[in-house]
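K.L.:
The structure's right below; bear with me while I get my questions together.
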Amino acid sequence: MAASEDAKASSLRYAFGNVIAFFILLLIGILAFSIRLFSVIKYESVIHEFDPYFNYRVTQYLTKNGIYDFWNWFDDRTWYPLGRVIGGTVYPGLTLTAGTLWWILNSLNIPLSVETVCVFTAPIFSANAAWATYLLTKEVKGTGAGLTAAVLLAMVPSYISRSVAGSYDNEAVAIFALIFTFYLYIKTLNTGSLFYATLNAIAYFYMVCSWGGYTFIINLIPMHVLLCIVTGRYSSRLYIAYAPLVVLGTLLAALVPVVGFNAVMTSEHFASFLVFIIINVVALVYYIKGILSPKMFKVAVTLVISVGLVVCVAVIAVLIALVASSPTMGWSGRSLSLLDPTYASKYIPIIASVSEHQPPTWPSYFMDINVLAFLVPAGIIACFSPLSDASSFVVLYIATSVYFSGVMVRLMLVFAPAACITSGIALSAAFDVFTRSIKFQLPGLSGNSPIDAGDTSSGSVVAQNETVKTEKKEDPGKERPSRKTEKNEDLSKERHSRKNKKKEKENVEKISVKPQEEKRLLVLPLEASVIAIFLLVLLGAFYVVHCVWAAAEAYSAPSIVLTSHSHDGLHVFDDFREAYAWLRHNTEVDDKVASWWDYGYQTTAMANRTVIVDNNTWNNTHIATVGTAMSSPEKPAWEIFNSLDVKYVLVVFGGLVGYPSDDINKFLWMVRIGGGVFPHIKEPDYLRDGQYRIDSEATPTMLNCLMYKLSYYRFVETDGKGFDRVRQTEIGKKYFKLTHFEEVFTTHHWMVRIYKLKPPKNRLRGKTKKSKAKATATTSSKRSVSRKNPWH
Amino acid sequence: MGIRFDLFFLSIAVLCAPCLSDLVLSKVDRRIDLTSQIARFTSTLKVENIGSDPVSEVLLPFPDHQAKNLAYLAATTNEGKGKTKGFTTTLPVEVVHPKGMPPALTWYSVSLPKGLGQGESLTLDVLAVFTHALRPFPEKIPQDQPQRVAFQDSAYYLSPYVVKVQLLSVKLPPGTKLESHTKLEKTEVSGSEIKYGPYENLPSFSYSPIVVHFENNQPFAVAQELVREIEISHWGNVQVTEHYNLIHGGSQLMGEFSRLEYQARPQIRGASAFRHLVAKLPPRAHSVYYRDEIGNISTSHLWGDSRKTQLEIEPRYPMFGGWKTAFTIGYGLPLKDFLFQSEGKRILNISFGSPIKDLVIDCLIVKVVLPEGSKDVSGSVPFPVKQWHETKFSHLDMVGRPVVVLEKMNVVQEHNQQFQVYYKFNNLSLLREPLMLISGFFFLFIACIVYMHADLTISKSSASYMAKLQWDEVQTAIQQVQRIINRCLTIHDKLEATLRDLSRTGDMQACKAARKAADGLLKELSKELKPLLAFLHSCPQAAQILPKVEELVAKERELQEKLMVKHSTVVDSYEKKSGGREIENRIASIQQKLTALRQEVEDLLEVIDEI
């Protein structure tokens, strides 16, 4: 009776645990969603940044015209006169996701606008990403670690930066897809189920649809497989986890138009095929080993190795020949700049000009992952005790992503989930140890009994993260002998029975490590563990505070609306939208607007006007043309623009209010990119002694270029001196007139200035002057007459 | 153009002398208000019947070029004298097409409340409101020029009747600069008012064109299209959404727009531009928003008191001549202020026009969205409008919401009258959507429960299925075994703890009692273990795991024995009062074995877990 009751109680407790875990997950989802709503609450439900506007526009097109039109969409409102094939050059994952969401909602008669759906796609998917993290970490280290990792990921600032409401960017769904693909890979690896392997390929397909970062997956997983094979962890589960992924995944990836044959042609994917060959060979070897007697096997091995080597050499030779035939060795520019961080700044200024392609600084690590940076090493160590297939994957993941994040700020995003997973493992392991030692000691003693005086010193005084570290650091020292014995055991075992199942071996390994550790940790004194837990909670609280701050202050300010706090309250700078709205309503539908490429997406989406270049920097020459025009004097610039049918030129100018990322500050990139294609634009012409300046010391080329003139036209009249608040200097050339352009609109804070190209003048100079004078005289006289009496 | 018109009318006046009826206008006093972009004609007509037959209608002609801009026409009469004075009645006005009249005129007929008998007279107040009557001249101006407009009308009252005495006064915006005006005899300019007349005994259809050209920097805000959507929710809210398509209808901006000059001297360098519009919303309006297709527009102010809510909105940029913009205003209103009930019908009573002051609306579409399930829908508007019905699908609708659509061209402030929409609605329909949601989730959960509990195996008798069932049983059994072992281990821990207590406090009794309790518990547990082991023995599935389990049980038993030995030794030695060092020596060997055993047991537990 008692037994059955007990069993019932415990099963109830398990069920209760599941329910709690479910609710915790639900809350994590809500947390992940709601922490990203600061931008909506503080500002408004609007899409911000530059790139998202393009995605938004594509989604609008998709919802309006349907999927088939979307694939065939040739966009003639951008890259005039070239146009752009959107369906074939865009990663459609995000768009399709939001489009599907919108379609489902609308078919349920929930009338949400496309914009609303787009704004909230990122928060929804970060909740999904948190759940995927839970699943992944659970596969690696169990439920506790999973929940901790999910909480950490739900609010890791690095991910928040790309997924706040309104930041409708590819990365928002891509991170979810990335984690989920990894989860399915680990799940397949743990279960050996073909079902999960298929799902994995589909998840990979989704990732390919979503983001160019899919190459990270298709390189990381092969690396892990290779690692497993090299360390003798090959199993049929590994084969099932990998082979279908490569075959199905590559086939599916080739279906995405933007990837297409790149899935088999570019070097980024070769690693996966190589490992695919290797794993097949290994599988064959294991199979043959199974059916042959040891003696025969030896013969077979020598045979296969000699033949295989020849084949390998041949294949590699072909590959190298293929790769070497292309100038960039078959690598795309961005990937190359990953492998060689200095590549971009040397050869492709357009990649280097994007701030998110720069290497990060140390503070940005602290900003983006905060305390996780300290927990990660502990987590890595926790992954090694014991090292399973899954945990080795996590270790590999974090190692590679640390490198990539060090190359490009943007890839911090890939690093963040790995950091969350490892720190989740570390935290949960620490909590596990501390709570268990408390639980064990609590019923036994009411007072204090320092039995284990040996360990008290370690935890009580030191800061909590250090506690964790010291605990973990002690690990290797204590483990070392055990490892050796373990190895010996392994060896002896292998000697004894080579055909023993691998599984068992693993188990033995695990067992021999775990209990010792537990035993050692179990003897932590009560006070030490209580203090350690308290400090851990404090650490967590610090993390939470930082994340909320980052979400609320650092990452929620939309870049299209700027605010400043002055003594008389909040001041809003809504100049961008002012200008775009003006363009939208007060110019002809087919007018072409030229601006630097940063504002291309916004102009097409918000102003609905054709632009010359935009943020999809696919045609360097075209961008260079605009750059050249901006850095030329007025007349040639007018000619360039006129040849491009441009009617309006838009420049962003921050000198009046001190908005630093304006066109004058970006101007050197225009010169560089323009000069890269049109050699008559020379960077030194714009620099005085290697310094970029716009004051009276500036070079005449600089003071006469179009960008300078358009930015500072009549600027001097605002304060009489022409003091530029961004450059903190008075401008060099103060009074000048525009001959080929006329100002048609300037926003309230002068942040956006729009000029119109004047129609070409009559060629006969002397005559025009005279006739002009006459004409004005006549018109004025006419006017004076007509003014008096228009009707009579 | 204007001159041609004028000549044309003069010729009419000359040619068409026939008197229409026996009515005579004994006195006409016209006041034209040009202070805004709208021209308001207020005419006081004293109508006298000099014929013998009673007359029941008075005809009001307007030239076609004016009539197409006629937005609003109302005739009122002051009935009675003395005490009842001031009691005005509105008279019905309708378009008529009388025969034998000169062309290019549009006729309106005012029906008098009762026939006007011989010699009787009546005073009519006619209010006519014209939009687009002020033509910007010149049509294009640079930024620094004020806007000038020309107004064109007749100095004489155009009427089919003989007018005995008439006066015309044109009121211009105060302080405005008058550029020019047509000078006739008896023309007088005083301040911002121009007076023509009095003219006496003019024949019917007299016409004398006048043009007034003056500066007018009033906002020329014209909504080319305004869609007002009024959505009723019986949960207590009326949501009004207004989509404006606005243009500055005055002189167009020519040449550069210089922000510098506009900011430096907005009164001079942007005189014709308007910065903001003021909307007077009903009281208790809430959740007001102001946005356009690219997001919220932050330049707006809202005040409110008990009688009204005032919203001042600023378009994103100053509106210069010819510039366009589009935006949306939305606000919620309490339902009980606008919805009434009578005779089983519900009546929505809400204002028709736009809340924005001095706005000309070229095309106004009012959509009243009634809740789903409304029946017998009809609208009633005090002036002629185009009316039709639509269906709108919104939040979780099944059949859609009935929509009454009212369309009217040329709308001005005077149209801000209440109109009514009648419909029938059952309150139970309110619960439809919540119930739908509840049942939807209910069925979802039911489906989940069914899925979790249902056994979806196709073949229940197949070997693999049986094996799976059995394997499940084996697993539960093993789990139970594990649980029991774990409990044994905790009991061991407790015993150890009592030993520690003993070493500290020397409390023999407590220790012994604990020992006894532990013994009992352990015995019970071993009893529980027996059937489980027997089951595992009987099960072929468990064959592979059984040795481990048995080993586990055996080790545990050994551990238990050793622990008991240790316990009794320690207790014994305490009884014998032997020294601590001695006790330690005695149990040292046992202790070693204990740790080893404990280790083994835990290892085994792990192994079994893995399997």
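In the order they appear, the protein sequences are chains F and E.
Those letters in the first sequence? Residues 1 to 792, by the UniProt record's numbering.
Those letters in the second sequence? Residues 1 to 611, by the UniProt record's numbering.
We put the CB at the ideal spot given by N, CA and C, even for glycine.
What residues from chain F crowd round SER258 of chain E, counting only those whose CB sits closer than 8 Å?
P.N.:
Within chain F, the residues near SER258 of chain E are ARG714, GLU743 and THR746.
K.L.:
What's the gap between the Cα of GLU575 of chain E and the Cα of THR435 of chain F?
P.N.:
Cα to Cα, the separation comes out at about 36 Å.
K.L.:
List the residues of chain F that GLY295 of chain E touches, going by C-beta distances under 7 Å, in chain order.
P.N.:
Within chain F, the residues near GLY295 of chain E are GLU44, VAL46 and ARG577.
K.L.:
In terms of residues, what are the limits of the alpha helix (DSSP H) holding GLY66 of chain F?
P.N.:
Unbroken alpha helix (DSSP H) run through GLY66 of chain F: 51 to 71.
K.L.:
For a contact defined as C-beta to C-beta under 8 Å, what are the partners of residue 641 of chain E on chain F?
P.N.:
Nothing in the structure corresponds to residue 641 of chain E, since chain E is present only between 1 and 611.
K.L.:
Against ASP292 of chain E, what residues of chain F qualify as contacts under a CB-to-CB distance less than 7 Å, listed in chain order?
P.N.:
Neighbours of ASP292 of chain E on chain F, chain order: ALA581.
K.L.:
Consult DSSP for ASP695 of chain F and reduce its assignment to one of helix, strand or coil.
P.N.:
Note: ASP695 of chain F maps to coil in three-state DSSP.
K.L.:
Enumerated in chain order, which unbroken segments of the beta strand (DSSP E) with a length of 3 residues or greater are wholly contained in the stretch 124 to 182 of chain E?
P.N.:
With a minimum length of 3 residues, the continuous beta strand (DSSP E) runs that stay inside the stretch 124 to 182 of chain E are 148 to 154, 162 to 171 and 178 to 181.
K.L.:
Three-state secondary structure (DSSP) at SER26 of chain E?
P.N.:
Here SER26 of chain E sits in strand by DSSP.
K.L.:
Ends of the alpha helix (DSSP H) at PHE366 of chain F?
P.N.:
Here the alpha helix (DSSP H) through PHE366 of chain F covers 362 to 369.
K.L.:
What would DSSP say about GLY115 of chain E, mapped onto helix, strand or coil?
P.N.:
In the structure shown, GLY115 of chain E sits in a strand (DSSP, three-state: E or B).
K.L.:
Under 6 Å Cβ to Cβ from VAL649 of chain F, same chain only, skipping five residues before and after it: list those, please.
P.N.:
Within the same chain, VAL649 of chain F has close Cβ partners ALA594 and TYR755.
K.L.:
Residues in the same chain with beta-carbon distance under 6 Å from residue 612 of chain E, minus the five sequence neighbours each way, listed in chain order, please.
P.N.:
An answer regarding residue 612 of chain E cannot be provided, because it is not within the stretch 1 to 611 covered by chain E.
K.L.:
Going by the beta-carbon positions, is the gap between ILE545 of chain E and VAL474 of chain E smaller than 9 Å?
P.N.:
Yes; because the gap between Cβ atoms is below 9 Å, this pair is in contact.
K.L.:
Where does the unbroken alpha helix (DSSP H) through ARG504 of chain E begin, and where does it stop?
P.N.:
Per DSSP, ARG504 of chain E belongs to the alpha helix (DSSP H) from 463 to 505.
K.L.:
Hey, would you say ALA605 of chain F sits closer than 9 Å to TYR239 of chain F, going by beta carbons?
P.N.:
Going by C-beta atoms, ALA605 of chain F is not nearer than 9 Å to TYR239 of chain F.
K.L.:
Compare the beta carbon distance of LEU644 of chain F and ARG609 of chain F with 9 Å and say whether it is the shorter of the two.
P.N.:
It is not a contact, given that the beta carbons lie outside the stated cut-off.
K.L.:
Below 8 Å, can you find three or more Cβ-Cβ pairs linking the stretch 110 to 124 of chain F to the stretch 152 to 168 of chain F?
P.N.:
The stretch 110 to 124 of chain F vs the stretch 152 to 168 of chain F: in contact.
K.L.:
Assuming contact is defined by CB atoms lying nearer than 9 Å, are LEU34 of chain E and ALA221 of chain E in contact in what I supplied?
P.N.:
Not in contact: LEU34 of chain E and ALA221 of chain E (Cβ atoms no closer than 9 Å).
K.L.:
Could you list which residues in chain E have their beta carbon closer than 7 Å to that of GLU717 of chain F, in chain order?
P.N.:
Here the neighbours are LEU260.
K.L.:
Quick one: give me the first and last residue of the alpha helix (DSSP H) that CYS228 of chain F is part of.
P.N.:
It spans 214 to 230 - the alpha helix (DSSP H) in which CYS228 of chain F sits, taken as one unbroken run.
K.L.:
Please list the residues of the stretch 596 to 620 of chain F that have a C-beta atom closer than 7 Å to any C-beta atom in chain E, keeping them in chain order.
P.N.:
Result list: MET606.
K.L.:
Would you mind working out which of E:PHE327, E:THR457, E:GLY379 and E:HIS181 sits nearest residue 614 of chain E, comparing C-alpha positions?
P.N.:
Nothing can be reported for residue 614 of chain E: it is not among the residues displayed for chain E, which extend from 1 to 611.
K.L.:
Please list, in chain order, the residues of the stretch 317 to 334 of chain E that have any C-beta partner in chain F closer than 7 Å.
P.N.:
Answer in chain order: TYR317, TRP323, LYS324, THR325 and ALA326.
K.L.:
Give a yes or no on whether 9 Å exceeds the smallest Cβ distance from VAL58 of chain F to chain E.
P.N.:
VAL58 of chain F does not count as touching chain E.
K.L.:
Helix, strand or coil: which one does DSSP assign to PRO700 of chain F?
P.N.:
DSSP places PRO700 of chain F in helix when its eight states are reduced to three.
K.L.:
Quick one: is VAL395 of chain F buried, meaning 16 or more other Cβ sit within 10 Å of its Cβ, or exposed?
P.N.:
The residue is buried, with at least 16 neighbouring Cβ atoms inside 10 Å.
K.L.:
Please report the Cβ distance between ALA132 of chain F and TYR183 of chain F, rounded to the nearest whole angstrom; I am assuming they are in contact, meaning their Cβ atoms lie under 8 Å.
P.N.:
Contact holds; Cβ gap of about 6 Å.
K.L.:
Suppose you measure from the CA of PRO282 of chain E to the CA of ILE365 of chain E; what does that come to, to the nearest Å?
P.N.:
Approximately 19 Å, taken between the alpha carbons.
K.L.:
Starting from LEU105 of chain F, follow its DSSP beta bridges and name the residues at the other end.
P.N.:
In the DSSP output, where bridge partners are listed per residue, LEU105 of chain F has none listed.
K.L.:
So if DSSP puts PHE214 of chain E in a beta bridge, which residue, or which two residues, is it bridged to?
P.N.:
DSSP lists E:VAL149 and E:LEU178 as partners of PHE214 of chain E.
K.L.:
In angstroms, rounded to a whole number, what distance separates the CA positions of ILE398 of chain F and ILE221 of chain F?
P.N.:
Approximately 13 Å, taken between the alpha carbons.
K.L.:
Are the CB atoms of LYS164 of chain E and LEU370 of chain E nearer to each other than 9 Å?
P.N.:
Contact flag unset, no.
K.L.:
Where do the ends of the beta strand (DSSP E) carrying GLU268 of chain F lie?
P.N.:
Segment: none, GLU268 of chain F is in no beta strand (DSSP E) and carries neither H nor E.
K.L.:
Kindly say whether THR84 of chain E, judged by its beta-carbon, lies nearer than 9 Å to any beta-carbon of chain F.
P.N.:
Residue placement at THR84 of chain E is flagged as unreliable, the pLDDT there being 49, under the threshold of 50; the coordinate-derived value follows with that caveat. Taking Cβ atoms only, chain F never reaches closer than 9 Å to THR84 of chain E, which makes this a no.
K.L.:
Is the shortest distance between the beta-carbon of GLU486 of chain F and the beta-carbons of chain E less than 9 Å?
P.N.:
In this predicted model, GLU486 of chain F has a pLDDT of only 40, less than 50, meaning its place in the structure is not dependable enough to derive any value.
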